[in-house]
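Asker: Residue numbers (the working numbering), protein chains in the order written: chain A, 369 to 608; chain B, 23 to 298. C-beta atoms are modelled at their ideal positions from N, C-alpha and C, and glycine is treated no differently. None of the values given here were measured: they were computed from a predicted structure. I'd like to ask some things about the structure below.
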Ligand SMILES: Nc1ncnc2c1ncn2[C@@H]1O[C@H](COP(=O)(O)OP(=O)(O)OP(=O)(O)O)[C@@H](O)[C@H]1O
Ligand SMILES: Nc1ncnc2c1ncn2[C@@H]1O[C@H](COP(=O)(O)OP(=O)(O)OP(=O)(O)O)[C@@H](O)[C@H]1O
Ligand SMILES: [Mg+2]
Ligand SMILES: [Mg+2]
Ligand SMILES: [Zn+2]
């Protein structure tokens, strides 16, 4: 078996909304392992907290409970729940990628540069980075006429491909994918699946949520099913 | 990654101050004005670290003390108390215990500032090129030809038309004035840059190109920056970490996407929700 890169142990997340005086349970007692070169898929009903797990690992959400042990490229293990903000930023730059459902980019920035951004941040020359971005975009069949304009006005499927290309370009050690093929037509989804298989073969560990059970079946080496979090009352008892 | 700036307990009070100033101001008191002595507690106990090449955002509503933070660090105003250490290669400077000449030297050589109001950053009575030359003259570049060449290169870098090098900045558009300010700030290739609401009030398309320029500079020159803005969009696009201020106090710090998507403090939750 491939070596584990990520071990999530008893992860939990709830939101405390002060204004409404409300506690919203999001993920509860989630545990699993992700290994190099393998894809772990999260499944479960809507609201089960799948996206919240990915965001907790990436620290877009501050975890409420549990440990997230990550083994970095140097072989050091650190708990992402406790890691400093600078450590997290450095990992995001060098090792951990996230293809979210929404694309945030500079207004008016050309698609090619949006995709090349992670390589720019690693100090790769602009020409080389753009070249690599062009290769990925053609592999995903994004029409070349779109490369020099901003993705701001793109369709859902076009934007998703830009987002994916940006997630793939730096070949992260760990890639988090949140419904990456949801708005793609079957032929384009097929190409993306091919690229995911390629990255996996090169050793990238992946943690993914797929819209279609069929995609999970094809790509997942391991499936983790999440149950919806317990009601607020139970959660409060547990915290108390 | 190395630390470039360490700020601890930075405070600035305008007015005489009194023993009750601190307890009667701040987020809980819902004011920065001391009811007992009339002083303004513009900032109190602001602390943060900045690393080389990092962009830190300072957010918060009008009057929360954002500009005061950068103005004290750039020596525009002396703080009432607090400490800031600037790490420059193998040297380190305790900013507020330096004498005036040493502070001026750092300002001219190692720091750069871009003000919201171009009036503060530019001399409107000399040409765009002259503004940059002025800053270069204060550093060590002395030869006239070399200074002019460098000024032109900087203006070209910030996309100011070279045909306008000899024009007065007061005849420029707001976006172009900001570009000249950025060129001027970059003249000495400082490792640390302060940007105060640089895109506020500009057209969206002009804003976009300036944001783009700032990011390019950060990646190319590895300049560390403190970006002050009340625009959450700018914060999201430019910064990796941010601090949230209210009535002079830091009420939350974190990774920028975390502050925007999982804000912890009631005030930040309201601030983010109202921007959606
Ligand atoms: N930023 C947030 N603030 C408040 N509540 C949130 C936030 N993010 C998620 N939640 C809540 O947490 C719960 C789990 O949401 P999450 O998005 O993780 O579910 P999911 O399993 O990904 O669902 P879906 O399949 O619909 O995408 C939901 O009740 C959701 O409303
Ligand atoms: N020279 C001064 N004398 C007295 N009070 C001052 C002075 N300069 C600033 N203040 C006050 O200090 C507080 C903080 O001001 P500051 O300019 O730092 O706010 P800011 O967060 O940058 O606001 P904005 O978003 O409007 O620019 C404000 O209440 C302001 O009125
Ligand atoms: Mg989801
Ligand atoms: Mg201000
Ligand atoms: Zn007082």
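1. Could you compute how far the alpha carbon of residue 441/A sits from the alpha carbon of residue 456/A?
2. Note the first and the last residue of the continuous alpha helix (DSSP H) segment covering residue 531/A.
3. Go through the residues and name those whose CB comes closer than 5 Å to any heavy atom of ligand 1, in chain order.
4. Taking only the alpha-carbon atoms, compute the straight-line gap between residue 68/B and residue 29/B and give it to the nearest angstrom.
5. Am I right that residue 37/B and residue 61/B are in contact with their C-beta atoms under 8 Å? What's the rounded C-beta distance?
6. Kindly list, in the order they appear in chain A, the residues whose Cβ is closer than 9 Å to that of residue 227/B.
7. Terminal residues of the continuous alpha helix (DSSP H) containing residue 186/B?
8. May I ask you to list, following chain order, the residues of the segment 444–457 of chain A that have a beta carbon less than 8 Å from some beta carbon of chain B?
9. Taking only the alpha-carbon atoms, compute the straight-line gap between residue 102/B and residue 262/B and give it to the nearest angstrom.
10. Name the residue from 174/B, 215/B, 137/B, 283/B whose alpha carbon lies nearest to the alpha carbon of residue 472/A.
11. Should residue 259/B be flagged as near chain A, meaning a C-beta pair shorter than 7 Å?
12. Which chain B residues are close to residue 472/A, counting only those with a beta carbon under 8 Å from its beta carbon?
13. Whose C-alpha, out of 236/B, 170/B, 222/B, is nearest the C-alpha of residue 204/B?
14. Quick check on DSSP: helix, strand or coil for residue 476/A?
15. For residue 138/B and residue 207/B, what's the separation of their Cα atoms in angstroms?
16. So which residues of chain A does residue 79/B contact, with C-beta pairs closer than 8 Å?
17. By a C-beta neighbour count over all protein chains shown, 10 Å radius and 16 as the cutoff for buried, is residue 388/A buried or exposed?
18. Using three-state DSSP, classify residue 94/B as helix, strand or coil.
19. Please classify residue 382/A as buried or exposed, where buried requires at least 16 other C-beta atoms within 10 Å of its C-beta.
20. Going along chain B in order, which residues have a C-beta closer than 8 Å to the C-beta of residue 582/A?
21. Residues of the segment 482–505 of chain A in Cβ contact with chain C at a cutoff of 7 Å, in chain order, please.
22. Between the segment 425–446 of chain A and chain B, which residues of the former have a C-beta closer than 7 Å to a C-beta of the latter?
23. Measuring alpha carbon to alpha carbon, tell me which of 373/A, 584/A, 583/A, 572/A ends up nearest residue 445/A.
24. Determine the chain A residues that contact residue 200/B at a beta-carbon separation under 8 Å, and present them in chain order.
25. Is residue 66/B near ligand 5, judged by its Cβ being under 6 Å from some heavy atom?
26. Indicate the three-state DSSP secondary structure (helix, strand or coil) for residue 247/B in the structure shown.
27. By a C-beta neighbour count over all protein chains shown, 10 Å radius and 16 as the cutoff for buried, is residue 124/B buried or exposed?
28. Please return the same chain residues whose Cβ sits closer than 8 Å to the Cβ of residue 406/A, not counting the five positions on each side in sequence.
Answerer: In short:
1. In a straight line, the C-alpha of residue 441/A is about 14 Å away from that of residue 456/A.
2. 524–537 is the extent of the alpha helix (DSSP H) around residue 531/A.
3. 383/A, 392/A, 394/A, 414/A, 415/A, 416/A, 417/A, 418/A, 419/A, 420/A
4. 7 Å
5. 3 Å
6. 475, 476
7. If you look at residue 186/B, you'll find it isn't in any alpha helix (DSSP H); DSSP assigns it neither H nor E.
8. 453, 454, 456, 457
9. Here the C-alpha atom of residue 102/B lies approximately 29 Å from the C-alpha atom of residue 262/B.
10. Residue 283/B is the option with its Cα nearest to residue 472/A.
11. yes
12. 258, 259
13. 236/B
14. coil
15. 13 Å
16. Ordered by position in chain A, no residue passes the 8 Å Cβ test against residue 79/B, which lies about 12 Å from the chain.
17. Residue 388/A counts as exposed, since fewer than 16 other C-beta atoms from the protein chains shown sit within 10 angstroms of its C-beta.
18. helix
19. buried
20. Close partners of residue 582/A in chain B (Cβ separation under 8 Å) are lacking, with about 30 Å as the shortest Cβ gap.
21. Any reference to chain C falls outside this structure, whose protein chains are A and B.
22. The residues in question are 427, 428, 429, 430.
23. 373/A
24. Neighbours of residue 200/B on chain A: none; closest Cβ ~16 Å, over 8 Å.
25. no
26. strand
27. exposed
28. 370, 568, 573, 574, 589, 590
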